[in-house]
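*Asks:* Got a structure for you, written out below as structure tokens; questions coming shortly.
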Amino acid sequence: MTGATGGPAAVEGGAREELRDAITLRAALIMLGVLLLQLGFALSYMGAFHAPRPHDVPITLVAPPEMRGDLAARLDALPGDPLRVTAVADAAEARARLLDRRTDAALLVAPDARLDTLLVASAGGPSATTAATAVLQDVARTQDREIQVRDLRPPSAGDSRGLSSFYLVLSWTIGGYLAASALNMAAGSKRPTLHRTFVRLAAMIPYAFVSGIGGAVVVGLVLDCLPGAFWELVGIGTLVVFASGAVGVALQSVAGTIGLGLTILIFTVLGNPSSGGVYPASLLPPFWAAIGQALPPGAGTTVVRNTVYFDGHAITGALWILGAWAFGGVVVAVLAAALRARRRPRAVATTAPAR
1 MTGATGGPAA
11 VEGGAREELR
21 DAITLRAALI
31 MLGVLLLQLG
41 FALSYMGAFH
51 APRPHDVPIT
61 LVAPPEMRGD
71 LAARLDALPG
81 DPLRVTAVAD
91 AAEARARLLD
101 RRTDAALLVA
111 PDARLDTLLV
121 ASAGGPSATT
131 AATAVLQDVA
141 RTQDREIQVR
151 DLRPPSAGDS
161 RGLSSFYLVL
171 SWTIGGYLAA
181 SALNMAAGSK
191 RPTLHRTFVR
201 LAAMIPYAFV
211 SGIGGAVVVG
221 LVLDCLPGAF
231 WELVGIGTLV
241 VFASGAVGVA
251 LQSVAGTIGL
261 GLTILIFTVL
271 GNPSSGGVYP
281 ASLLPPFWAA
291 IGQALPPGAG
301 TTVVRNTVYF
311 DGHAITGALW
321 ILGAWAFGGV
331 VVAVLAAALR
341 ARRRPRAVAT
351 TAPAR
């Protein structure tokens with residue numbers, strides 16, 4: 001019978017060794033990075049959403065010539081600058097501006113009555129419509145007037161809160177960078193060679209296309225929350241997913257595991273709360289208002305919403321933003337791999353033993 005080969009001290013020493021093996025410096029740094037992302041997530045979302053306040057909400061004004069200038073000036077000078085007023089000649093022009101997404105509401109002042117009309121298009125974002133309506137109704141009450149609201153373009157029945165565009169783009173962006181991360185993990189998290197980089201980027205194309213089809217099917221055929229524009233949504237989804245995936249491939253090529261954290265920071269921590277999906281830029285604090293449409297979630301939400309509800313008006317700039325992120329991701333990924341390929345032979349040459 002074999003006796004025990006170690007006592008309590010040996011067991012304790014083994015436990016310490018296992019603990020040291022488990023808690024390495026790399027693991028500690030990764031945990032620190034996760035903690036910073038977690039805190040950044042809380043700060044970004046609560047910073048953007050905790051106290052929405054209207055600021056420079058674009059409003060179009062139609063009023064008789066003799067009162068137009070004075071009324072526009074008074075609305076522009078309201079405390080806190082909640083409105084930014086543009087006066088136009090007639091209701092037809094105001095309606096066109098509303099449906100072309102150049103304004104969030106149009107106030108039609110009745111010269112011979114005390115009941116004015118406010119035209120809105122809540123499909124463009126119910127929160128902006130609600131904010132503009134509340135401000136103008138407060139002003140009307142001080143003038144002993146009333147406002148009736150006419151919604152020219154409400155969201156579809158399945159999109160009652162107008163948030164489906166935002167959540168669709170959210171699913172596409174997350175899917176894109178997670179697919180890039182899966183490709184990285186499948187290769188053992190190694191920095192890719194130039195050939196592997198091209199393979200990963202090429203693999204993102206069919207994935208993005210299938211993702212676009214899947215998203216369009218869900219919001220159209222399955223849930224009926226964004227009906228119509230099926231193939232347009234497929235194209236938008238393909239571009240959004242590929243842009244997210246290309247940036248994910250690029251950042252993980254440059255920074256490895258840290259690159260995934262940077263991708264989450266760009267798309268989720270900063271991009272989602274500033275996107276205009278929940279609150280438009282006119283209701284967000286300055287930082288989030290400034291960055292929102294420059295990031296893929298904001299640009300994607302604008303393109304989807306305006307394509308489905310507003311016949312594709314005011315989407316050109318947002319499409320250029322998405323294209324720039326996709327192109328930039330491809331360029332950075334390829335350059336990073338090419339630079340590593342050039343450095344590798346030099347490193348081998350300098351470490352080779354002399355003969």
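Going by the UniProt record's numbering, the first residue of the sequence shown is number 1, and it counts up by one from there.
Just so it is clear, CB atoms sit at the ideal spot from N, CA and C, and this is done for glycine as well.
So what does residue 148 bridge to, in DSSP terms?
*Replies:* DSSP, once it has assigned bridges, lists 117 as partnering residue 148.
*Asks:* For the alpha helix (DSSP H) containing residue 26, name the first residue and the last one.
*Replies:* That run of the alpha helix (DSSP H) goes 25–49.
*Asks:* Taking DSSP as the reference, what is the three-state secondary structure of residue 338?
*Replies:* Here residue 338 sits in helix by DSSP.
*Asks:* So what does DSSP say about residue 97, is it helix, strand or coil?
*Replies:* Three-state DSSP puts residue 97 in a helix.
*Asks:* Write down every uninterrupted run of the beta strand (DSSP E) in the segment 43–88 whose length is 3 residues or greater and which is fully enclosed by it, in chain order.
*Replies:* Fully enclosed beta strand (DSSP E) runs of 3 or longer: 57–62 and 83–88.
*Asks:* What does the Cβ neighbour count give for residue 64, buried or exposed, with the cut at 16 atoms within 10 Å?
*Replies:* Residue 64 should be labelled exposed.
*Asks:* Is the segment 136–153 close to the segment 298–306, with three or more CB pairs under 8 Å?
*Replies:* The segment 136–153, when compared against the segment 298–306, does not touch it at the 8 Å Cβ threshold.
*Asks:* Taking the alpha-carbon positions, what's the residue 109 to residue 60 distance?
*Replies:* Answer to the nearest angstrom: the Cα atoms are 11 Å apart.
*Asks:* In chain order, which continuous runs of the alpha helix (DSSP H) of length 4 or greater are located wholly inside the segment 158–196?
*Replies:* Fully enclosed alpha helix (DSSP H) runs of 4 or longer: 164–186.
*Asks:* Please list the terminal residues of the continuous beta strand (DSSP E) segment that includes residue 108.
*Replies:* It spans 105–108 - the beta strand (DSSP E) in which residue 108 sits, taken as one unbroken run.
*Asks:* Quick one: Cα of residue 102 to Cα of residue 58, how far?
*Replies:* Rounded to the nearest angstrom, the two C-alpha atoms are 8 Å apart.
*Asks:* Considering only the beta carbon of each residue, do residue 241 and residue 185 sit closer than 9 Å?
*Replies:* No. Outside cutoff.
*Asks:* Please go through the same chain and pick out, in chain order, the residues whose beta-carbon is closer than 8 Å to the beta-carbon of residue 78, but skip the five residues on each side of it.
*Replies:* Here the set comprises 135 and 139.
*Asks:* Is DSSP giving residue 141 helix, strand or coil here?
*Replies:* It is helical.
*Asks:* Would you call residue 122 buried or exposed, if buried means 16 or more other Cβ atoms sit within 10 Å of its Cβ?
*Replies:* Burial call: buried.
*Asks:* Using a threshold of 9 Å, state whether the C-beta atoms of residue 246 and residue 325 are closer than that.
*Replies:* Against a cut-off of 9 Å, the Cβ pair of residue 325 and residue 246 comes out as a contact.
*Asks:* Could you spell out the range, first to last residue, of the alpha helix (DSSP H) harbouring residue 264?
*Replies:* 257–264 is the extent of the alpha helix (DSSP H) around residue 264.
*Asks:* List the endpoints of the continuous alpha helix (DSSP H) containing residue 304.
*Replies:* Unbroken alpha helix (DSSP H) run through residue 304: 296–309.
*Asks:* Skipping 5 residues on each side, what residues in its chain have a beta carbon closer than 7 Å to that of residue 337?
*Replies:* For residue 337, where only same-chain residues beyond five positions count, the Cβ hits under 7 Å are 192, 193, 194, 197 and 253.
*Asks:* Of all the options 146, 92, 105 and 297, which has the alpha carbon lying nearest to the alpha carbon of residue 116?
*Replies:* When only C-alpha atoms are compared, the closest one is 146.
*Asks:* What did DSSP end up calling residue 234 once you bin it into helix, strand or coil?
*Replies:* In the structure shown, residue 234 sits in a helix (DSSP, three-state: H, G or I).
*Asks:* Would residue 202 be called buried (16 or more neighbouring beta carbons within 10 Å of its own) or exposed?
*Replies:* Flag for residue 202 reads exposed.
*Asks:* Cutting at 7 Å between CB atoms, please list the residues of its own chain near residue 211, excluding the five before and the five after it.
*Replies:* Around residue 211: 172, 175, 237 and 241.
*Asks:* DSSP three-state label for residue 210, please.
*Replies:* In this structure, residue 210 counts as helix in the three-state DSSP scheme.
*Asks:* Using a Cβ-Cβ cut-off of 7 Å (strictly less than) and excluding sequence neighbours within five positions of residue 261, which residues of its own chain qualify?
*Replies:* Result list for residue 261: 33 and 37, in chain order.
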